[in-house]
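Novice:
Protein chains: 2
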Amino acid sequence: MIKHVGILCIGDELLDGRVSDKNGRHVMRLGEDRLFQVRELRIVRDDEDRIVQALDALSSCDVIVVSGGLGPTADDRTREAAAAWSQDVLHEDAPSLQRLEERARERDYTLTDNNRRQCTFPSRATILATEVGTAPGFRVDHRGCAAFFFPGVPREFQWFVERYLLHELGPDDDAPRASARRRYYGLGESKLETMVEGIEPLAHQLGGRVGYRASYPVIEVSLKAPEDAALAQLVDFIEARIGAWLVAEGGEDFFARVGRRLIEHKATVAVAESCTGGLLGGALTKTPGSSAWFEGGFLTYANQAKIDLVGVNASTLASEGAVSAAVACQMALGSARAAGATFGLAISGVAGPTGGSAEKPVGTVDFGLHTPQGTFHKRAHYPGRTRDEIRTASVYTAMALLLWHLEGRLDAHDVRGPFDASSVEAGVPPAP
Amino acid sequence: MIKHVGILCIGDELLDGRVSDKNGRHVMRLGEDRLFQVRELRIVRDDEDRIVQALDALSSCDVIVVSGGLGPTADDRTREAAAAWSQDVLHEDAPSLQRLEERARERDYTLTDNNRRQCTFPSRATILATEVGTAPGFRVDHRGCAAFFFPGVPREFQWFVERYLLHELGPDDDAPRASARRRYYGLGESKLETMVEGIEPLAHQLGGRVGYRASYPVIEVSLKAPEDAALAQLVDFIEARIGAWLVAEGGEDFFARVGRRLIEHKATVAVAESCTGGLLGGALTKTPGSSAWFEGGFLTYANQAKIDLVGVNASTLASEGAVSAAVACQMALGSARAAGATFGLAISGVAGPTGGSAEKPVGTVDFGLHTPQGTFHKRAHYPGRTRDEIRTASVYTAMALLLWHLEGRLDAHDVRGPFDASSVEAGVPPAP
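Chains as they are written, first to last, in the numbering used here: chain S, -10 to 421; chain C, -10 to 421.
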């Protein structure tokens, strides 16, 4: 049976914007490797009634993890609330008090009444000793639910989780055991879901699950199944339909995958960027070790820079405009030549918010990819996007074109070419 | 009367650790300037019953802000839950559907049944049109509580908050009325607080407030006072102490300010980037209109690229190393010359995680700033930082050096120079 977990974070500072909750998220992320499900998270103020209400509501879970409100001062009400919820009374724990007194002697300070509050617990609670602070935690079992009360300081909280909570969340033998993650670029969320129609019934039939998460501009698909063979069926299903748009598998980084493929091909890449102004180079050098595949590049923002730095033809620029198939291809070819790289990757577009025309509205971007087989062109449109979004999407598209070429999948996409160097120099390809 | 606010964030991805909630925190932080109190935040799964339960529980608040679950796919259940909570039925809104159809025509895609779901609302809801996405929001008034349902994508959510929610949360008549924001770069938070010691008592005496917010790598100081004269006193106090580190005022963007100053100086800038790989160019072109000040640049990641593209001396490279004062200054001079720009800005550093040495550990970065008055050098250390953080900090430092020079504040910082062109060509300055 999969365990259901409720998380309760307590503290005024978590609700007025001063501090963001880290502890809830810490527990959630443990779920990536373990088979429990966080059913709900609540953040409430240091208010006894509200804490009791939340505990009541969450006690339909198997486990409640409570963070915060165990400090020495009177405004911390969690221990009172725990007693009220479990119809218990508070009492002072002698061993805890003794430990606190020893600590005070060692560190040469005098215990106050406030300090002593930290040694009171509901009388039926199991006390959870601390090695990382002054506040012990405690566990209360009530109405079939195990509630763990931990200090809110993230470093202490995490220690308590590791020491006292993890084994309670344990792995689940009945739930899906095999899982895969795949990331795709270039498909909108609803388009992607339409293309993989039928995966949900298949997953259901196999006892598995499918999840989608859009993390602009990439969509992650997560697949879970009871065992490897069922998982393979799900993966095959999805790969047959949208495999051409794949940019990363598992926890792998898309940009790191591009670097890895370049190394496998013993190849390097140079860039020529106009509207992205350097962000593509930034992406290619994000991953450690990028000097193995990145030679260098040219930020050819001004037209003169396109001519001077990467050898774009003045006449092509004049006839086709800076945002054009011919100029993007000349930039790609020129950057590879000038930097002595295997591949050249170029971006020239209208990032806006102004500068668009009827023919080339804001969001029109031309890409050139120079390869040993010739130069490819793609035109993309990102209508209705902000300048930032257009620039980000342009970087992703350029990286995807390179990756798909390296993995032999470029012909599945809407790309023209390859054009040979003399054609590119002569101003081919024409506008799409 | 102070308004009580409940926040409800909906989405499986918010509970399994994949995505952290940004929207709840966004609402909380509005409370810094307004007098409402967030009573509770809940995160629940895309589960109709649980959403209804949460709405019921939160309806003792004056306002509920709901985020998420308005997407086109069937697993999004927020609209159904809103109808159930308010004892209403869903109906399709013709004007919303018409807008969506227009949008689909403009962007050349076909509406699916899933898309149409986004045009159904509880029949008594007030529909809140969107200008930033496909999903309209809506408002339901029920049991004395105003519930606002907004899309979960943070960019969209924030737009809805600004447009439809803020006036509901109302300003505070008793609170300070004059306010200023200043952003500073290059001082750690505790250093900054030490340098402005005395501001808190002064603010208290004047009936004002001081707030700090670290947003790596910049710190924002917000000042509030009952009227303009008191505010001016606070601003003067802080400017006298840390004014040299200022990078932005009010809501202004730091990078946009650099662009504005370049235009005022009728100047342009070129870049030569090593470890940042293009991120500095990306920052200089983030602001619309950047072609007015940005000429172009060189991503000189490999040593050979430094020699070939921006004229770094092979002998200087050999004797000083790529991460050195002399090479950074040659890169700055060379980039300005090669691109025909007024200024040249160069970065060469060890971004790690490997490649450091005892003399130049990971996080050592040299900056060159070429100006009409000569070339300046700065060495920075960002110890204990990740590769991403070192690259980001390097971009900020380079931008700050240029801004401070343009505003006549460079001599307040730990910078060497100016060195004339013949010295730079000869390999000056030596290691600091």
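The beta-carbon is built from N, C-alpha and C at its ideal position, and this holds for glycine as well.
Does any CB atom of chain C fall closer than 7 Å to the CB of V185(S)?
Specialist: Answer no: the Cβ-Cβ gap between V185(S) and chain C never drops below 7 Å.
Novice: Comparing C-alpha positions only, which one of L298(C), P140(C), P277(C) and A118(C) sits nearest to K87(C)?
Specialist: As written in the sequence, residue 87(C) is Gln, which differs from the Lys given in the question. Comparing Cα-Cα distances from Q87(C) to each of L298(C), P140(C), P277(C) and A118(C), the minimum goes to A118(C).
Novice: Assuming G338(S) contacts S280(S) (C-beta within less than 8 Å), just tell me the rounded distance between them.
Specialist: Contact doesn't hold; Cβ gap of about 28 Å is too wide.
Novice: Using the rule of at least 16 other Cβ atoms within 10 Å of the residue's Cβ for burial, across every protein chain shown, is A307(S) buried or exposed?
Specialist: Classification for A307(S): exposed.
Novice: R132(S) by DSSP, collapsed to three states: which one?
Specialist: In this structure, R132(S) counts as coil in the three-state DSSP scheme.
Novice: Just the Cα atoms here: how many angstroms apart are Q222(S) and Y173(S)?
Specialist: If you take the alpha carbons of Q222(S) and Y173(S), they lie about 19 Å apart.
Novice: Measuring only between beta-carbons, confirm whether A294(C) sits less than 7 Å from chain S.
Specialist: It does: the Cβ of A294(C) has a partner Cβ on chain S nearer than 7 Å.
Novice: Taking only beta-carbon atoms, is V384(C) less than 7 Å away from chain S?
Specialist: So no, V384(C) is outside the interface.
Novice: Kindly list, in the order they appear in chain S, the residues whose Cβ is closer than 7 Å to that of I422(C).
Specialist: The structure shown does not extend to residue 422(C), since chain C is modelled only from -10 to 421, so the question has no answer here.
Novice: Taking 7 Å as the threshold (beta carbon to beta carbon), is E157(S) in contact with chain C?
Specialist: Chain C contact via Cβ: absent.
Novice: For the beta strand (DSSP E) containing V247(S), name the first residue and the last one.
Specialist: Note, V247(S): premise wrong, no beta strand (DSSP E); alpha helix (DSSP H) at F243 to E253.
Novice: Check whether the region 374 to 386 of chain S and the region 320 to 327 of chain S touch, using three or more Cβ-Cβ pairs below 8 Å as the test.
Specialist: In short, these stretches do not touch, since the Cβ pair count stays below three.
Novice: State yes or no: is the beta carbon of E284(C) nearer than 7 Å to at least one beta carbon in chain S?
Specialist: At least one chain S Cβ lies under 7 Å of E284(C).
Novice: Please name the residue in L3(S), P372(S), F138(S) and I231(S) whose C-alpha comes closest to that of R94(C).
Specialist: Ranking L3(S), P372(S), F138(S) and I231(S) by Cα distance to R94(C) puts P372(S) first.
Novice: Considering only DSSP beta bridges, list what Q26(S) is partnered with.
Specialist: DSSP, once it has assigned bridges, lists H(-7)(S) as partnering Q26(S).
Novice: Would the region 55 to 63 of chain C count as touching the region 131 to 139 of chain C if we require 3 or more Cβ pairs under 8 Å?
Specialist: Verdict: yes, contact present.
Novice: Could you name each continuous beta strand (DSSP E) segment of 3 residues or more that falls completely within the region 147 to 207 of chain S, going from the start of the chain to the end?
Specialist: Counting whole runs of 3 or more residues, the region 147 to 207 of chain S contains the beta strand (DSSP E) stretches 167 to 174 and 198 to 204.
Novice: Determine the direct distance from the alpha carbon of L273(S) to that of I227(C), and round the result to whole angstroms.
Specialist: For I227(C) and L273(S), the distance between alpha carbons rounds to 41 Å.
Novice: Skipping 5 residues on each side, what residues in its chain have a beta carbon closer than 6 Å to that of Y153(C)?
Specialist: Once the five neighbours on either side are set aside, the close Cβ partners of Y153(C) are L117.
Novice: In its own chain, which residues sit with a C-beta less than 7 Å from the C-beta of C50(C), not counting the 5 before and 5 after it?
Specialist: Same-chain partners within the cutoff: H(-7), V(-6), G(-5), R28 and C134.
Novice: What is the DSSP secondary structure of T381(C), counted as helix, strand or coil?
Specialist: It is helical.
Novice: With distances taken between CB atoms, is the gap from A167(C) to D217(C) smaller than 7 Å?
Specialist: Yes. Within cutoff.
Novice: Which residue's Cα is closest to the Cα of D355(C): L251(C), F25(C), A261(C) and D65(C)?
Specialist: It is A261(C).
Novice: Does the beta carbon of T123(S) sit closer than 7 Å to a beta carbon anywhere in chain C?
Specialist: By this cut-off, T123(S) is not an interface position.
Novice: Verify whether the separation of the beta carbon atoms of G271(S) and G333(C) is less than 7 Å.
Specialist: Not closer than 7 Å, so no.
Novice: Determine the DSSP secondary structure at E238(C), reduced to helix, strand or coil.
Specialist: E238(C) falls in the strand class under three-state DSSP.
Novice: Is the Cβ of A237(C) closer than 7 Å to any Cβ of chain S?
Specialist: By this cut-off, A237(C) is not an interface position.
Novice: May I have the straight-line CA-CA distance separating D130(C) from G267(C), to the nearest angstrom?
Specialist: Approximately 50 Å, taken between the alpha carbons.
Novice: Taking the C-alpha atoms as reference points, what is the distance between A237(S) and T289(C)?
Specialist: Roughly 28 Å between the two C-alpha positions.
Novice: When the Cβ atoms of the region 26 to 46 of chain C are set against those of the region 70 to 82 of chain C, are three or more pairs found closer than 8 Å?
Specialist: A contact exists between the region 26 to 46 of chain C and the region 70 to 82 of chain C.
Novice: Please identify, using Cβ separations under 7 Å, the residues of the region 290 to 319 of chain C that lie next to chain S, in order along the chain.
Specialist: Taking 7 Å as the Cβ-Cβ cut-off against chain S, the residues of the region 290 to 319 of chain C that qualify are Y290, A291, A294 and L298.
Novice: Counting only Cβ pairs nearer than 7 Å, list the residues of chain S close to R14(C).
Specialist: Within chain S, the residues near R14(C) are G6 and S9.
Novice: Looking at A259(S): is its Cβ nearer than 7 Å to the Cβ of A328(S)?
Specialist: In this structure, A328(S) lies closer than 7 Å to A259(S) by Cβ.
Novice: By a C-beta neighbour count over all protein chains shown, 10 Å radius and 16 as the cutoff for buried, is E(-9)(C) buried or exposed?
Specialist: The displayed chain sequence assigns Ile, not Glu, to residue -9(C). The residue in question, I(-9)(C), is exposed, as its Cβ has fewer than 16 Cβ neighbours within 10 Å.
Novice: Please confirm if M388(C) has its CB atom under 7 Å from at least one CB of chain S.
Specialist: For M388(C), the answer is no, since every Cβ of chain S falls outside 7 Å of its Cβ.
Novice: Rounding to the nearest angstrom, what Cα-Cα distance links G20(S) and A303(S) in this structure?
Specialist: Cα-Cα distance, rounded: 58 Å.
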